[in-house]
Every structure is written in structure tokens, then in C-alpha cells.
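When you number the sequence shown by our numbering, it's gap-free, plus one each residue, and the end is 1223.
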Amino acid sequence: MSIDASLDLARDSSLFHSMPIGILRLSAKDAWKVIVDLRATEKRSGAFELNQDVSCALGNACLIAEANPSACVLLQVKDPAAIAKAPIASILSEDTLKRFTEGLHQLFRGQNAIVYDGSLTIVGGGEHQVAFNLWQTQREVAQDDIYLSFSSLRERISLEQAKDGLQSDLARSARVSLLGEMTASIAHEVNQPLGTIVASAEAGLRWLSRDEPDIAEVKLLLERITKNGKRAANVIATMRALASNKKSERLPTDINSVIEETILLLRTDFAKRQVTLRLDLSPTLPPVKADKTQILQVIVNLALNAAQAMADGQAWNRTLCIRTRRDGADVMVDVEDSGPGIDLHVRERLFESFFSTKETGIGMGLAICRSIIEAHGSRIELQSTPHLGARFSFALPAEHAQTNG
Ligand SMILES: Nc1ncnc2c1ncn2[C@@H]1O[C@H](COP(=O)(O)OP(=O)(O)OP(=O)(O)O)[C@@H](O)[C@H]1O
Ligand SMILES: [Mg+2]
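So, in C-alpha cells, the structure goes:
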């Protein structure tokens, strides 16, 4: 938890006592005098530096005026009076004291708040790793009272882990909801090869039950069965990959085949929305280093957004163009539509989680695209022209460019 520098705890003492993180009110009056003296010496000798002696002098001049209950818990003191008037140097390790005095100097020069990690010495022995906030209220610089708060890094780490877990759960539910949107396409893409398999098997049986079985014809039909079986299995594998929560794995990937796989999953959706697809895929691309399922997810999201924008905007020309091209050491992917384009006020919030202009939108599509592309060391660029459409582009590093570099 970080503290807002505008928090004036002197005016609101109940806040000081009820905050769930440790806060000390420090009397810095004498510490400012030390700094003023040192700066005066500096002017004469040019030798003002925050060395260990200066740290000690400042740490001993800065006294604990008050500790809130959370600070007492962290410091393991039962009676706040037990640490009142103690110098701050008594509860900070040498390194932390150095950072504290650097912070004090920054406050003196007018900064409102400084944040740093360090260790806090437990009065009865032992140390705590904590995140410190050192701040003064914004009324004036170098006032008598300043505040030092500290919260356990262990709590921060577990909060961050919880946040990561939440984000990955969200990303997963967005992928599952994508699958929901693609149900019609998926059913079609599995049913079609299954239909061909059944028809081929029936035909094969007929050829075999003839007086003179035609083995060559049966061979052809069996090959068709195998091909269609693989096609259906591919669709299922893609679906499973989208629904699973496996760890990211970046391998050499043929971006064009990822796009073709995406299209297979979206064909029915495009037809329903009367969207014409144009593929402009460069045939001479090197493989890129990417997590195939994640990139597939990005392209599905961008292509679905484009199709939705063109259909919802009643565009008379509904062309979705997916392009791949070489750009130096990178491979570029463009997803371009001929929809209404994106208004400036929407553009500013486009990549925020839960931002959506659609009635049934979750608003996670582009947020997820951005985090995936950023995790690949790149960024998503947007070009938009009112009434003419939008183009989302991203670059992925070519595999051999990475291994060479
Ligand atoms: N190609 C596009 N043309 C016009 N507007 C777009 C386009 N792509 C995205 N947008 C705008 O950006 C917003 C956010 O998109 P995003 O994909 O993050 O969420 P969503 O599509 O609304 O919901 P979902 O979580 O279901 O994807 C959309 O609601 C839409 O207003
Ligand atoms: Mg979307």
C-alpha cells in the first residue's frame, strides 16, 4: 500500500491511528538543522555528501514522536511510549538508514514523498523486510513533522501473487468466452470433416462389397478420411489450447499458418456478418519466436473486433484484410477493417481492462492483446480513419534475428 502525499495526518489523527500499515510521526526539526549546517559547510568546502557519519547524525537527530498501533505490532512493542523520543536510527539497519537520510535530503529539497524498500529492526531483536514511504504533507517544505510508513514486503509479494493469479484467471475466462463466441464456427468446422468422414466410409464400404472390390478407390477414400480426421482434430486441439491455462512457451512459429488456423475458426462468423476476408500473407517470412496459442488469441480478438465493428456500424463495404510483411528483423501483422474507425475518446481508453462500447462486451479483448504482445517484447499500434476503418498492427521478432543477436 502506498501513501498519498496529500494525506495530512496532523489534521486527521484518527486516520493515523486506524491505518492498517505502520506509520511513525517523526520530529525532524533537529534533522533540518543538521542539513542546513551541512549545506552551509558544503558551500564553503564543496564537500557535502551523505556518508555514514552524516547518516548517523541525521538518524539520531530525527526522533520518533508517535507510532500508530500497526507500527507497534510490526515493531513488537506493547506500549507506544516505549519507542517515543527514540531516534529513528535505532530501528533502521545501516543501509536502510542511508536510504532514509537520502530521502530526508530529498524532502528538504522540496519533494513530497519518497518510496524505497529496506529493513526495519525489531526492537526486541530480528528484522522485517518492508516497503517504506517517507513523506511530508504538502503545506510546506521541511516542516517539523514528517511521516514514515512501512508495510511488510511479504504482504506485498502475496498481494502481487494474488493479482497475477487473478489476471491469469481473467485472461482464461476471456479465452473461454471467445470460445463461446466461436461456437457456431467450431461446430461447423468439426461437423464438416465428420460429415465427409462418414460419407467416405460409406462409399468405401460400397466399393469393397462389390463383386470386384476397387482397392484403388478405397485407398483414395481412406486418405480422405485421414485428412478430414486430422482437420477436425486440429480444430479441437486449438480449442483446447485456448481453454487451457498452460504456461507461455515461445517457439519458432510460422505466423501465416497461425493466421490460417484463426480464419478456420472464424469463417462462419464472418459469413454471418457478411464480412469478406482478404488474406495478404507474404510467402517469404522467417519463423517468429512466439507463443502460438497466445498469438492466435490476439488475432482472433482483433479479427472479431473488426468484424463486429463493421457489422455493428452497418458498413456497406465490409472487408477484413489480414496482412503479414517483413519489416527489417521483424515480421509485421496488420489486421485492417473498413468499419467506422475509432473515435478519439474511445482510442484513449481502448486498451483498458473492462472498457467496452458494446452492450455485451466484457472489454477484455484488447487489454489481453496488449499484455500478450508486450510480453513478446513488442507493442500494438493503431491507425484509424473516421468512416474508413481501423488498422491494428504488431511486430514479432524473426526467430533467427533473435538467435543471431
Ligand atoms: N476494429 C475496431 N473498430 C472500431 N472500434 C473498435 C475496434 N476494435 C475495438 N474497438 C473498440 O474498442 C473497445 C474495446 O475492445 P475490446 O476488444 O477490448 O472489448 P470488447 O470487444 O468491447 O469486449 P470483449 O471483451 O468481448 O472483446 C470496443 O468496445 C470498441 O468500442
Ligand atoms: Mg473484443
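A virtual CB, placed ideally from N, CA and C, is assigned to each residue, including glycine.
M837 and I901 have their alpha carbons spaced roughly 19 Å apart. Assignment of Q1010 by DSSP, reduced to helix, strand and coil, places it in the helix class. Judged by the Cβ position, G1179 qualifies as a neighbour of ligand 2 at the 7 Å threshold, a heavy atom of the ligand being closer than this. Contact annotation, V1151 with S1211: C-beta distance approximately 7 Å; criterion of less than 8 Å satisfied. Within the segment 881-925, the complete beta strand (DSSP E) runs of at least 3 residues fall at 881-885.
F834 has its CB no nearer than 7 Å to any heavy atom of ligand 1. Following the DSSP letters along the chain, one finds Q870 inside the alpha helix (DSSP H) bounded by residues Q870 to A879. Bridge pairing for I841: S967 [DSSP]. In the three-state DSSP reduction, L1103 falls in the coil class, being neither helix nor strand. In chain order, I1043, N1046 and G1047 place their CB closer than 7 Å to the CB of I1015, counting only its own chain and leaving out the 5 sequence neighbours on each side.
Under DSSP, C1139 shares a beta bridge with R1096 and E1154. Going by C-alpha positions, L1103 is about 55 Å away from I839. Using a C-beta cut-off of 8 Å, the segment 1188-1202 makes no contact with the segment 1121-1136, since fewer than three inter-stretch Cβ pairs fall below that distance. Secondary structure at T859: helix, using DSSP grouped into helix, strand and coil. At a Cβ-Cβ threshold of 8 Å, T1137 and A1002 do not count as neighbours.
One thing to note: L1168 has its Cβ within 8 Å of the Cβ of L1184. Remark: three or more beta-carbon pairs, one from each stretch, lie closer than 8 Å, so the segment 909-924 and the segment 937-944 are flagged as touching. In this structure, F1173 has its CB closer than 7 Å to one or more heavy atoms of ligand 1. By the rule of a C-beta closer than 5 Å to any heavy atom of ligand 2, the residues picked out are N1123 and G1183.
Rounded to whole angstroms, the gap between the alpha carbons of E999 and S1189 is 21 Å. V1008 is positioned such that its CB atom lies closer than 8 Å to that of A1050.
S1156 and T1056 have their alpha carbons spaced roughly 28 Å apart. By the Cβ-count criterion, P1101 is exposed, with fewer than 16 other Cβ atoms from all chains shown falling within 10 Å of its own Cβ. In the three-state DSSP reduction, H1194 falls in the coil class, being neither helix nor strand. By the CB criterion at 8 Å, R993 and Q1115 fall inside the cutoff.
Annotation for E1030: no alpha helix (DSSP H) segment contains it, and DSSP assigns it neither H nor E. By the neighbour-count criterion, in which a residue is buried when 16 or more other Cβ atoms sit within 10 angstroms of its Cβ, I853 is buried. Not a single heavy atom of ligand 1 lies less than 7 Å from the C-beta of L925. Boundaries of the beta strand (DSSP E) around N951: E945 to W953. Distance from the CA of S908 to the CA of H923, rounded to the nearest whole angstrom, comes to 19 Å. Straight through space, the alpha carbons of S845 and D855 are spaced by roughly 18 Å. With a cut-off of 7 Å, the C-beta of A1002 is classified as distant from ligand 1, since no heavy atom of the ligand falls inside that distance.
Per DSSP, the beta-bridge partners of S1211 are D1152 and E1199. Beyond the five residues adjoining it in sequence on each side, V1106 comes within less than 7 Å, by CB distance, of T1071, I1073, V1149, L1214, P1215, A1216 and E1217 in the same chain, given in chain order. Q894 places its beta carbon 8 Å or farther from that of L925.
At least one heavy atom of ligand 1 lies closer than 7 Å to the C-beta of N1119.
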